[in-house]
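First up is the structure itself, then whatever we jot down about it.
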């Protein structure tokens, strides 16, 4: 009986995103923003099929991040995946011809209605961008609605401006940690960040934002599985988790890859994770 | 890809209430309205503990029907039970001193927020009661909201008036089937009814309401497990399912009992169900 | 090109309810309120099946009157029937234990969304009843919404009170015509009335309400088809149409019956209508 | 850092009502409904002065229960008392001439605005009363608003009807525990009950409602301090606390009395409590 | 009886846009945006007359795409055409002096009210344009309203920016398929695209967006009927349909032309389509 917390819905949804293990609570997300936010060609053609992506999340038992349109067409075949619906997004076409701000393509009310296994909503915040003011107000409205419906909010917090884009600023650890703190001070429950340069950067983020639940992007395709796992090992021994896209779903053995990550998040070594990866391929569909 | 139906949320929730088997789609619900709507003493004291009730639903994998207050205190220990939250209710104290109409103790918005595994909302409609007009209007509002959030609506449809209560009218098959049809014409997705006297009554309900998904109450405590299962056998070979309370949770082997019912709903014989029941007791907590 | 009337939606819907013929514009509706508003047993069991009712309207090409719940479950098999959704209703159980006023089970917005072939909405008004005040206000709200969406409004206007019911008052021609005028003065586009006693009564209604489009109930089951058609002949030579239920759908040859009525409404004689009726039975499903 | 619960406001307010000790979490409230809900003359005239009552709560450091009007006139002299504002109430004049339901004299929004030290709102629910339906709907609205503002809700749950009042039913343990469960199933955080006859009754309540936080009324003026403390001792060793009025504020040494109760709630013996009581009187103003 | 889908309105409207045949479900739309979005002179003067355009759609029995103003003036003569109302649009005057974004000239509520035979609403989305953010937010609002009213949404998805316009980018297959996917992820039910260069491009779109219902523009006036039909043949054997304007309504035998297309969409050969075309001209008005 929880006397001091009748907001059980929030707690349940939150726990569905957490991996319990020797390292405490960590999170591993499968992110699929190819198609809308990135149009990078899927090097594995099957990955263009939402059934394939949903099959990976389902079998690996990790939360999946999608936009609503993809979800509603395929979800009845995958009804139990813990889902994060992203509420805003933008394409990468003619990138600099507009300020960094995604269109708000889904509301919190809509998300909770269309998605019976919703565990969180997501929002991309461009810290320092020309629309920062409008975005912070928009985010606040989302956080309020989300609190009402007891849905956790994940903020993709990136330092960014357009025209000209200052790409060299975006990954600097001092900017990454600033973005983390800004999202946190605005009510985010989980913050998704760029990789802050290196292990030192991970420590700096932690130091500056001791109580923030930080999830790091999977980044560019790693050269080898071992490198990918080593990076993940460092991340989850300092910060709180990862949101990985291509490094899982474009891998020839995506479910094995994901299970290896999960092992690391539960406190296993890189070697143990590689053993899992090197087992026979787990089929998806 | 579902081109003609983007309302996937509704379909997913609906399917979580259905048992697929040789008889087609049937439903078995565990109903616990002892405590609020009935105060009948729990003959098994443990049954007063919501953890016990939730444990049964969880292990037997059947949807559970509760009011919100009970749900929010215990749900974090049972996060995956398919839940039906009842939106109105009334006590049985001084029964005839007011017209039959439950208080509206939970809204659709509230239900979907507090309950991450919500599959339906429930509403008690007293057909022919002094508040029938107000109730039909209230139900219509609930159905609209529920459609918006893609939540199925289960209507407890009972012929009833108070002061004086005409108990002899309530279970007559012509009244049971009238109540079924009224709920259906008002938009209910599933209708829960009194037992319409006998097998002939079950047929009459079906005839008058061919396309209605009818679930029958578990009724008074059956004398033996065999009688209970035989009754269930008749019901699901004519109509569509049952909502059972005491006949499951006050049984000394509640999970075994539930699994026996499920077997019948999947098309098995009463004997096969009894075999399941007679196996070693499955523990609850 | 209609310069003076941009409300084409209203005109189109209205015309879908009208039969053009030698008598001018007349209307014939198939009404099915057995099941909700009347629980009279269907003397032809098939009539309990909405598919059967919808099949009649579809093949006879006449508008059908239903409540929303029935419509949504069967409409995809009958997508083109001109539909009238009734917005309020009440059962006939324990009739006098509440004031005459149906529950508002559907809104105008809901009706236009769920029903792609909607041509009108319907409302039962109990003139002189204990809830007359509330009903007139409720009707006004419906008329306003319906005007906004360009949906015609049909009012079932009956003199009525409960407890005690004064049944002898309800069919008197002076009360029938009063009810017609009240509905008309409150914005109804079409008024559905009780049969005002006799031919003299039909004339009295016309006199008192020259510009009102009055549709008369089909009433009790007529003894013979000839009597039914003769009554209809009188009605449509004085007033504007009929809404017929049992006299069509409980007839052994329902589509033939409907086509006979239509012939009369187009200006044919009773004999010509009987010829149509006496042809080979047109099958429904 | 509370990752799984951002509703910290609720938790903080809840904890301000809890006494931590060897018995776990217990609650002691000072209730003053003399003046509005009871007009019993104050046997100690000073007790009619809100400053006196507030002084007791302030010095004894226990939450105080008042109606809003009293609060706003005196609160600036006692800004730190943990306050419970009662949202409804009724007088005891001409008691049976109306159904049992208090007027809703304060809203949740108003309470949080006028009272900077608000820790909860209170609502009297008359279970089984003629207005049960309306009250449950009203309570649900309050619970929703209170959850939004993160304010705990205390429900005074009494079995009651008027005209005729059935006083002999109200204190029966089976009715007391039924009232507790009903309040709980409707979302109450804390339930305030009549004393359920005797120690056996306390156990029965606990059994039937294992996870409910139950606070018992102080009841009629006890003959001696020892009897009062003994009763309290039994209560808090079985259930969760008390709301006491006259037995504190009409006592000649009200603060000493309260501190004695607190000692018992922290796990001390009746003797230890009496020692505290018997010390020199602590002055109030 | 559709137990799992009470959103029958959506299904009915969707099916009115689909041609069932050997190729599965395909769509052929008659699009008329000459007059508003294109001012290209009508080479056949009669085509400037909305009656002429509506007559083609009516007799060929294919859905028609118009803006509201044209619809309301002529619709009463053509009440049964399945209609798609375009909700936004812009002229081609001084094209580059403003960012690509149509004015929102009609709302979903307005469309459903004014158009009794409405089957879908349309929206032009300029992917990558300077107003992409605003457009995605605007589209989301339309999708939500359309879902509420059970109206399918067709998105015209074009890669586009102005000042300078990069015309060479707009028809590249990688941009066409990106536009398709973006519309899909934002909730579109049907997506209308530019022709993606060639047959290879059609395959690329399909691959990247396997579950998207893609309709291709009719494009520039084809040199011969045979070429037009051959192109259509390729399109509907890979993707899902076409929206054709000038290639139908500026043809000397527009209804014959449309029926030939329909034959191809049903799985017939180009030769069979040409036979239909070469029959005697079907008159329009």
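Chains as they are written, first to last, in our numbering: chain A, 1 to 285; chain B, 1 to 285; chain C, 1 to 285; chain D, 1 to 285; chain E, 1 to 285.
Here a beta-carbon is modelled for each residue, glycine too, at the ideal position from N, C-alpha and C.
These numbers come from a predicted model, not from an experiment.
Integer Cβ distance of residue i from residue j, believed to fall under 8 Å
i: residue 121/A; j: residue 93/A; result: With 8 Å as the limit, residue 121/A and residue 93/A do not qualify as a contact, their Cβ atoms being about 25 Å apart.
i: residue 273/A; j: residue 264/A; result: 5 Å
i: residue 21/A; j: residue 266/A; result: 3 Å
i: residue 161/A; j: residue 135/A; result: Between residue 135/A and residue 161/A the Cβ distance is about 12 Å, and since that is not below 8 Å, they are no contact.
i: residue 56/C; j: residue 254/C; result: 5 Å
i: residue 68/C; j: residue 99/C; result: About 23 Å separates the two Cβ atoms, so there is no contact after all.
Exposure label - residue i; buried when at least 16 CB within 10 Å
i: residue 33/A; result: buried
i: residue 117/B; result: buried
i: residue 12/D; result: exposed
i: residue 275/A; result: exposed
Where residue i sits in the DSSP three-state scheme
i: residue 29/A; result: strand
i: residue 17/C; result: coil
i: residue 206/A; result: helix
i: residue 172/D; result: coil
i: residue 89/D; result: strand
i: residue 126/C; result: strand
i: residue 38/B; result: strand
i: residue 301/D; result: Nothing in the structure corresponds to residue 301/D, since chain D is present only between 1 and 285.
i: residue 187/D; result: coil
i: residue 234/A; result: helix
i: residue 177/C; result: helix
Through-space distance from residue j to residue i, alpha-carbon basis
i: residue 286/A; j: residue 237/A; result: Only positions 1 to 285 of chain A appear in this structure, which leaves residue 286/A out of reach.
i: residue 156/E; j: residue 97/C; result: 57 Å
i: residue 123/E; j: residue 204/E; result: 24 Å
i: residue 80/A; j: residue 185/E; result: 20 Å
i: residue 25/E; j: residue 240/E; result: 7 Å
i: residue 53/A; j: residue 47/A; result: 6 Å
i: residue 196/D; j: residue 4/B; result: 59 Å
i: residue 70/A; j: residue 222/E; result: 35 Å
i: residue 148/E; j: residue 148/B; result: 7 Å
i: residue 119/D; j: residue 36/C; result: 50 Å
i: residue 150/C; j: residue 202/B; result: 44 Å
i: residue 145/C; j: residue 10/C; result: 13 Å
i: residue 74/C; j: residue 235/E; result: 35 Å
i: residue 83/A; j: residue 66/A; result: 8 Å
i: residue 133/B; j: residue 31/C; result: 21 Å
i: residue 248/C; j: residue 78/C; result: 18 Å
i: residue 58/E; j: residue 187/E; result: 29 Å
i: residue 178/B; j: residue 39/C; result: 7 Å
Strand pairing of residue i, partner residues [DSSP]
i: residue 217/C; result: 243/C
i: residue 118/B; result: 83/B
i: residue 295/D; result: Residue numbering for chain D in the displayed model covers 1 to 285; residue 295/D lies beyond these limits and cannot be assessed.
i: residue 326/B; result: Since the first residue of chain B shown is 1 and the last is 285, residue 326/B is not available in this structure.
i: residue 65/B; result: 31/B, 84/B
i: residue 103/B; result: 89/B
The ligand ATP heavy atom lying under 7 Å from the CB of residue i
i: residue 244/A; result: Annotation note on the ligand ATP: not contained in the displayed structure, which lists no ligands.
Members of the stretch 198-218 of chain D that neighbour chain G once the beta carbon cut-off is set at 9 Å: Chain labels in this structure do not include chain G; the protein chains are A, B, C, D and E.
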